[in-house]
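Going down the list, the sequences are from chains U and X.
Sequential numbering from 10 applies to the first sequence in our numbering.
Sequential numbering from 11 applies to the second sequence in our numbering.
Beta carbons are placed, not taken as given, at the ideal position from N, Cα and C, and that holds for glycine.
Computed from a predicted model, the values in this text were never measured in an experiment.
Please read the structure below before turning to the comments.
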Amino acid sequence: MTRYVLRRLLLFVPTLWAIATLTFFLVRLAPGGPFNAERDIPPAAREQLARKYGLDRPLGAQYVAFLAHAARLDFGPSYKFPARQVREIIIQGFRVSAELGGWALLVALLAGIPLGTIAALRQNRAADGAVMAIALAGVSVPNFVLGPLLVLVFSLGLYWLPPALWEGPQGRVLPVFTLSAAYVAYVARLTRVGLLEVLRQDFVRTARAKGLPERLVVLKHALRLGLLPVVSYLGPATAAVITGSLVVEQVFAVPGLGRSLVYGAFNRDYTLVTGVVLFYAVFLLILNLLVDLAYAWLDPRVELS
Amino acid sequence: MSAAIAPLNPAAGPPAPGRLPARSLWSDARRRLARNRAAVASAWFLGFIALACFAAPWLPGLADPAAQDLRLGAVPPSAAHWCGTDELGRDACARILYGGRISLLVGLVGTLVSLLVGVSWGAVAGYVGGKLDEFMMRVVDVLYALPNIFLVILLLVFFSRSLLMLFVGLGLVQWLTMARIVRGQVLTLKQQTFVEAARALGATDRSIIFRHIVPNTLGPVIVYSTLTVPAVILQEAFLSFLGLGVQPPDSSWGTLISDGARVMALFPWLVVFPGLALSLTLLALNFLGDGLRDALDPQDRQQAR
Numbered sequence: 010m011t012r013y014v015l016r017r018l019l020l021f022v023p024t025l026w027a028i029a030t031l032t033f034f035l036v037r038l039a040p041g042g043p044f045n046a047e048r049d050i051p052p053a054a055r056e057q058l059a060r061k062y063g064l065d066r067p068l069g070a071q072y073v074a075f076l077a078h079a080a081r082l083d084f085g086p087s088y089k090f091p092a093r094q095v096r097e098i099i100i101q102g103f104r105v106s107a108e109l110g111g112w113a114l115l116v117a118l119l120a121g122i123p124l125g126t127i128a129a130l131r132q133n134r135a136a137d138g139a140v141m142a143i144a145l146a147g148v149s150v151p152n153f154v155l156g157p158l159l160v161l162v163f164s165l166g167l168y169w170l171p172p173a174l175w176e177g178p179q180g181r182v183l184p185v186f187t188l189s190a191a192y193v194a195y196v197a198r199l200t201r202v203g204l205l206e207v208l209r210q211d212f213v214r215t216a217r218a219k220g221l222p223e224r225l226v227v228l229k230h231a232l233r234l235g236l237l238p239v240v241s242y243l244g245p246a247t248a249a250v251i252t253g254s255l256v257v258e259q260v261f262a263v264p265g266l267g268r269s270l271v272y273g274a275f276n277r278d279y280t281l282v283t284g285v286v287l288f289y290a291v292f293l294l295i296l297n298l299l300v301d302l303a304y305a306w307l308d309p310r311v312e313l314s
Numbered sequence: 011m012s013a014a015i016a017p018l019n020p021a022a023g024p025p026a027p028g029r030l031p032a033r034s035l036w037s038d039a040r041r042r043l044a045r046n047r048a049a050v051a052s053a054w055f056l057g058f059i060a061l062a063c064f065a066a067p068w069l070p071g072l073a074d075p076a077a078q079d080l081r082l083g084a085v086p087p088s089a090a091h092w093c094g095t096d097e098l099g100r101d102a103c104a105r106i107l108y109g110g111r112i113s114l115l116v117g118l119v120g121t122l123v124s125l126l127v128g129v130s131w132g133a134v135a136g137y138v139g140g141k142l143d144e145f146m147m148r149v150v151d152v153l154y155a156l157p158n159i160f161l162v163i164l165l166l167v168f169f170s171r172s173l174l175m176l177f178v179g180l181g182l183v184q185w186l187t188m189a190r191i192v193r194g195q196v197l198t199l200k201q202q203t204f205v206e207a208a209r210a211l212g213a214t215d216r217s218i219i220f221r222h223i224v225p226n227t228l229g230p231v232i233v234y235s236t237l238t239v240p241a242v243i244l245q246e247a248f249l250s251f252l253g254l255g256v257q258p259p260d261s262s263w264g265t266l267i268s269d270g271a272r273v274m275a276l277f278p279w280l281v282v283f284p285g286l287a288l289s290l291t292l293l294a295l296n297f298l299g300d301g302l303r304d305a306l307d308p309q310d311r312q313q314a315r
C-alpha cells in the first residue's frame, strides 16, 4: 500500500515535467511577447521588463529557472498585473472555485444517487423513464445555455435570486445549480447502471433469501458495490466540475480560477496561463490517486499494483 | 465451435456467418438501430437540421443573415421573422442556420482530425508494441492528466485564434480515448490467424495495420466517433461563448448564445432559440450515438465517456 502510493507519487514527476516542458516551449513558440501593448514601450523600459521576467537570459537558463520555480508552484509575477504574483492569484481564485465546485458536487451526489436508485428499483417503469429523461436533458443542455435561462426565469422574471456576483447564500444558488445540473444527470445514470448490475448478483439474492428487508438489502449491500461507478467517476467529476466552472464563473461573474484563466487567455498573460494549467495538473494527479485508493477501499476485490 | 457441428449437416456446407446477409454485423446492426425509435427520430432530426443549415443560402424566403434593418431593431418572433430579430434587425432564424454550418462543420472536422490521429496512434502503438508502445501510451497518459479544454485554451492562447486552428485544436485534444480504444483492439487482433496469414503472404507491416487490422476495429471506432461529434460541438460552443472560439464576422451557435445572453434581459428570444438549436442537436447526437453503440456492440452497454 505505502509502496504503491510512493510509486504513484514518483510517477507524478515525469508527468509534471512533461507538461511543464510542453507549456514552457509553447510559450516561447507563441507569437508576440508579453509586452505587446497597444503603446510602444521605450527600449530601456522593455529591457528592464525583460530582466524582471528573466527573459534576458539564455533559453537554457530560463528553462532551468522555470522548472526550479515551478516545482515550488512559483510562476513569478503576472504579465498583466506585474504587482501580483501568479501564485497569489491562483490561491485566491482556487478558493472560490473549490467552494463552487464543492457545492456543485455535493448537490450532484445528493440529488443524483437517490434519483438513480429510484430509477434502478423501478426499472422500465414510469419513474425510471422520468429520471432518465431528466438525465438526458441535463446532459444535453450546456451550462452556458442553462445559466442564462435560469437567470432569465429566477432573476429577471421572478426576482427571487440575484443574477450575478458571488455574494451571500442567495448569490450561490444559481451558479451552484447551473454547474451541478449535468453532474446530477450523470451521477443518476451511473448509479442506475451500477445498481442494476449489482441487484442481479448472487449475494443480493442471498441477502434477500435470509429475510433481510428490501430496504436494507438495497441500502446496506447493493448500494455499496453499486456506487463503485460513481466513486470512480468522482475524480473526473471533480476535474470536470472545476473546468466546467470556467463558464459558470463567466456567466455569473464569480471571481474564481476559471475566470482568471479565461482572462489570462484573452490577454496572453503567459505566466498566469501556464501557472493555472500546471496547478490544475498537480491537482488532478493527486485527485486521481485518491480516487484509486478509495476504489480499493470500497471494493475488496481490487488489488493495488 | 461451429466446426464440430458442421459435419452433422454436410448439405448445408460450412457455416459462414459473414456470408449470410441477414447475419452480418452491419445488417444486424441496421435492424437493431431501426428498432430504436429514439435513434431513428434523432437521425431524421439531424438530417433535417444539417440540410437546413447547409442549404440555407438556397432556402427560399430565408433572409440574408447579414442584412441589417436598423429601423426595425430587435423584434420578438413573428410571422415575418420566426425567431425574431437582433438589435441590428438581422433575422435570427437565418443567423441560427448559418451559425449551425460552422458548429456542425467544427464537429465533423474536429472528429475527423481526432479519428485520423487517434486511430493511427493507437494502431501503430498496439501493433509495434514494446518500447514504442510504452512511450506512445505514456504520451497519452501525460496528456490525459490535463482536461482537454485547457489544452485547447493553451493552443488558442499561444497560436492565432483562427477557425482553422480551432478545427485542428479541438480535434487534436479528442484523440486520446480513441487511441486507447484502437490500441486495445489491435492488441487482440494482431494475435489472430488472419494477420499471420497476411504476413505469410508477404504483406508489409503498413498494409497489415491499415488494410487488415484497422478495418476490423471499425465498430468501436464508429461508435466512439458519433459520441465525439457532440463533444466537439459542445467544446466549440463553450470556447466561443467565452470569446476564445469563432471570431466575428463568423458566427456559430456558441457566439450567438454568447451575444444573446448579453441582451437577454431585453430580448430573451436571442438566447432561447440558438440555445434550443444547440441543445436539441446535442441531444439527438447523443441519442444516435447511444443507439449505434447498442446496435453495433450489444455486449458493451457500459457507457463510455
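Sub-8 Å separation of residue i and residue j beta-carbons
i	j	result
X:L164	U:V285	no
X:F283	X:G264	no
U:L188	U:L159	no
U:G102	U:G265	yes
U:L293	U:V271	no
X:R105	X:S261	yes
U:F288	U:I99	yes
U:L204	U:A246	no
X:L180	X:V152	no
U:R198	U:G125	yes
U:M141	U:A120	no
U:S241	U:Y304	yes
X:R190	X:V233	no
X:G270	X:V256	no
X:F64	X:V119	no
X:L114	X:L298	no
U:V196	U:L118	yes
X:L82	X:T95	yes
Within-8 Å CB hit, residue i to chain X
i	result
U:Y304	no
U:V271	yes
U:I99	no
U:Q71	no
U:L225	no
U:L109	no
U:V105	no
U:Q259	yes
U:A27	yes
U:S189	no
Proximity test, Cβ basis, 8 Å: residue i and chain U
i	result
X:F160	yes
X:S130	no
X:A208	no
X:S289	yes
X:P278	yes
X:D304	no
X:M274	yes
X:I106	no
X:I267	yes
Residue i versus residue j: straight-line alpha-carbon distance, rounded
i	j	result
X:V123	X:L228	16 Å
X:S235	U:D83	40 Å
U:A290	X:Y154	10 Å
X:L98	X:T187	43 Å
X:L237	U:A70	45 Å
X:P225	X:M147	22 Å
X:S217	X:A133	12 Å
X:L173	X:L166	10 Å
U:F261	U:F21	35 Å
X:A77	X:A213	59 Å
U:L114	U:V250	7 Å
U:P3	U:R93	Since the first and last residues shown for chain U are 10 and 314, residue 3 of chain U lies out of range.
Residue i, buried or exposed, once every other Cβ within 10 Å from all chains shown has been counted against 16
i	result
X:W279	buried
X:P258	exposed
X:L306	buried
U:L208	buried
X:R221	exposed
U:L109	buried
X:L266	buried
U:A190	buried
U:T200	buried
(request) Go through the stretch 149–190 of chain U residue by residue and report every complete run of the alpha helix (DSSP H) that reaches 4 residues or more, in order. (result) Entirely contained in the stretch 149–190 of chain U, the alpha helix (DSSP H) runs reaching 4 residues are, in chain order, 152–159.
(request) List in chain order: all unbroken beta strand (DSSP E) runs of 3+ residues lying wholly within the stretch 232–290 of chain X. (result) Qualifying beta strand (DSSP E) stretches: none in this window.
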